[in-house]
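> I have a structure I would like to understand better, so I am pasting it below and will then ask my questions one at a time.
Protein chains: 2
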Amino acid sequence: MKVAEPTIERLIQYYRLLTQMKEEGRKVVSSLQIGEMLGIKASQVRKDLSYFGEIGKRGVGYHVNRLCAHIENILASPKVWRVALAGVGNLGMALMAHAAFQSYKFEADALFDVDPEKVGHEIMGVHCWHIDDIAKVIDERNIEVLILAVPAEAGQSCVDKAAQSKSLKGILSFTPATVVVPERILFFRVDIFVELEKLLFFLKEQEKIR
Amino acid sequence: MKVAEPTIERLIQYYRLLTQMKEEGRKVVSSLQIGEMLGIKASQVRKDLSYFGEIGKRGVGYHVNRLCAHIENILASPKVWRVALAGVGNLGMALMAHAAFQSYKFEADALFDVDPEKVGHEIMGVHCWHIDDIAKVIDERNIEVLILAVPAEAGQSCVDKAAQSKSLKGILSFTPATVVVPERILFFRVDIFVELEKLLFFLKEQEKIR
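These protein sequence lines map, in sequence, to chains S and U.
According to the numbering used here, the first sequence is numbered sequentially starting from 1.
According to the numbering used here, the second sequence is numbered sequentially starting from 1.
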């Protein structure tokens, strides 16, 4: 089963919403309600969920607990991924502390930076190496995922160095620069700059209309 | 001219890439090259740019400087937006220091938190108020944009409080929770959780194939 990226994005959103509802003690939810909470059409919600084998009851909807467990299973990790973080500045530190990174699905195993005050030390319990050693350390420790939080101007050279390792399989970038990544490595980015500029653009458009 | 969100997303990506190229002293670029750097089809690049009135020369491409200036003009801000940040934890601090936020397009004018060690103090040169005063302070200071970096469980209540203000026009959320926002307020989110889960899902799929 080859799943499209937007489908998985929506599935992750459903999962998070259902987790919230479960915590609030809610029992059932309709596709219309899910759609309204997430800004997705109810027909799209039904289509997505039936694609993954869940069909709601007409007039009742979906059982929150069951649907939540079902999606959790789809998103479940077959193992704990070993993860490295490159760039232990403000953003890197914030990421390490961020709720999204407190997941049982992976383990922060190595840090990389160029700052002599950080290299050779433990930060939040994880050892920090020099960026120049990134490929060697990644291979030695069998790390498969790299979180990139280096400054824009260091993005490409950091990716080039890391891509020399054999064990690296995926990169999640928070670096505000366009980088070229070898095709064998999965690459996703969280683009703060794009979202911010987008908001400002549509604010401007809205002012024009008023 | 009503522009679709994905079009603006691509335009911002072109702009950033062209800025990088300009800094590197590059003079011309083809739609194929832009497309390859960004993972977008060359035909889409040409369509987007011609939509905004730029047509490349066959066999030559686009002039980097001219195209860059043209897009800059489209994305230009009519004013400096007054911005507030709610949640001055690790993530909020990282955002304030992040390159994307060092923009001449807006000015950080107020901080909000619940931590008694922060409320009433200046942090990085900006005063911090209690979250409970958010609507009042936003209106008094004519703030139009809110950056949301509070913990997931505080997301909705913070949005509800801020939405009581009259001057607020847009929210950019970094909070890993689904929140409901009144329609008159523009809402975008940078979703670290979704991107991370997406990466892990596709890593898993890739392992299955191998």
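No residue lacks a Cβ here, since even glycine has one placed at the ideal position from N, Cα and C.
#1: If you compare alpha carbons, which of S:Arg16, S:Ile134, S:Asp113 and S:Ala4 is closest to Asp191 of chain U?
#2: What is the DSSP secondary structure of His70 of chain S, counted as helix, strand or coil?
#3: If the cut is a Cβ gap below 9 Å, which residues of chain S does Gln13 of chain U touch?
#4: Should Arg26 of chain S be flagged as near chain U, meaning a C-beta pair shorter than 8 Å?
#5: In chain order, which continuous runs of the beta strand (DSSP E) of length 3 or greater are located wholly inside the region 9 to 90 of chain S?
#6: In chain order, what residues of the same chain have a beta carbon less than 6 Å from the beta carbon of Gly170 of chain S, not counting five sequence neighbours either side?
#7: Taking 7 Å as the limit between beta carbons, can you name the residues of its chain near Val64 of chain S, skipping five residues before and five after?
#8: Would you call the region 29 to 38 of chain U in contact with the region 72 to 81 of chain U, where contact means no fewer than 3 C-beta pairs closer than 8 Å?
#9: Val88 of chain U and Glu107 of chain U look like a contact to me (Cβ under 8 Å); what is the Cβ gap, rounded to whole Å?
#10: What residues of chain U sit near Ala100 of chain S, judged by a beta carbon separation below 9 Å?
#11: Note down, in chain order, every chain U residue with its Cβ under 7 Å from the Cβ of Asn90 of chain S.
#12: Judging by CA-CA distance, which residue of U:Glu205, U:Lys198 and U:Lys208 is the nearest neighbour of Pro6 of chain S?
#13: Consult DSSP for Asp191 of chain U and reduce its assignment to one of helix, strand or coil.
#14: Check each residue of the region 16 to 43 of chain S: if its Cβ is closer than 8 Å to any Cβ of chain U, include it; give the result in chain order.
#15: What did DSSP end up calling Asp133 of chain S once you bin it into helix, strand or coil?
#16: Which chain U residues are close to Phe188 of chain S, counting only those with a beta carbon under 9 Å from its beta carbon?
#17: Give the single residue among U:Lys166, U:Gln13, U:Ala4 and U:Lys2 whose Cα lies nearest to the Cα of Phe193 of chain S.
#18: For Ala108 of chain U, does the three-state DSSP call read helix, strand or coil?
#19: Counting Cβ pairs, one atom from each stretch, are 3 or more of them under 8 Å apart for the region 138 to 152 of chain U and the region 163 to 182 of chain U?
#20: So if DSSP puts Leu186 of chain U in a beta bridge, which residue, or which two residues, is it bridged to?
#21: For Met96 of chain S, which residues from the same chain have a beta carbon less than 6 Å from its beta carbon, with the 5 sequence-adjacent residues on both sides left out?
#22: Once you ignore the five residues that flank Asn73 of chain U on each side, which residues in its own chain have a CB closer than 8 Å to its CB?
#23: What is the residue span of the beta strand (DSSP E) that Val145 of chain S lies within?
#24: Measuring CB to CB, does Lys161 of chain U end up less than 8 Å from Ala135 of chain U?
#25: Mind listing the chain U neighbours of Ser165 of chain S? Cutoff is C-beta to C-beta under 9 Å, in chain order.
#26: Return helix, strand or coil for Asp160 of chain S, following the three-state DSSP convention.
#27: Within 8 Å (strictly less), CB to CB, does Pro78 of chain U reach chain S?
#28: Ser31 of chain S and Ala42 of chain S: beta carbons closer than 8 Å?
#29: Helix, strand or coil: which one does DSSP assign to Asp115 of chain U?
#30: Under 7 Å between beta-carbons, which chain U residues line up against Ile8 of chain S? List them in chain order, please.
#31: Is it buried or exposed, Val181 of chain S, if we count other Cβ atoms within 10 angstroms and call 16 or more buried?
#32: Are the CB atoms of Val114 of chain U and Ile138 of chain U within a distance shorter than 8 Å?
#33: Just list the residues that DSSP pairs Ile123 of chain S with in beta bridges.
#34: Could you list which residues in chain U have their beta carbon closer than 9 Å to that of Glu122 of chain S, in chain order?
#35: Which residues in chain S have a C-beta closer than 7 Å to the C-beta of Lys105 of chain U? List them in chain order.
Let's see:
#1: S:Arg16
#2: helix
#3: Thr178, Asp191 and Val194
#4: Closer than 8 Å: no.
#5: 81 to 86
#6: Val145 and Leu186
#7: Leu18, Met21, Lys22, Arg26, Lys27, Val28 and Val29
#8: no
#9: In fact, because the Cβ distance is near 17 Å, the residues do not count as touching under 8 Å.
#10: Pro176, Asp191, Ile192, Phe193, Val194, Glu195, Leu196 and Glu197
#11: Within 7 Å Cβ-Cβ: Met93, Ala94 and Ala97.
#12: Of the candidates U:Glu205, U:Lys198 and U:Lys208, the residue whose Cα lies closest to the Cα of Pro6 of chain S is U:Lys198.
#13: coil
#14: Arg16, Leu17, Gln20, Met37 and Leu38
#15: helix
#16: Glu195, Leu196, Lys198, Leu199 and Phe202
#17: U:Gln13
#18: The three-state reading of DSSP puts Ala108 of chain U in strand, counting E and B together.
#19: yes
#20: U:Gly170
#21: Met124
#22: none
#23: Val145 to Leu148
#24: yes
#25: Chain U residues near Ser165 of chain S: none, gap ~15 Å exceeds 9 Å.
#26: helix
#27: yes
#28: Result yes, Cβ atoms of Ser31 of chain S and Ala42 of chain S sit closer than 8 Å.
#29: coil
#30: Lys198 and Phe201
#31: buried
#32: no
#33: S:Val126
#34: The contacting residues do not exist; Glu122 of chain S stays about 18 Å from chain U at best.
#35: Leu200
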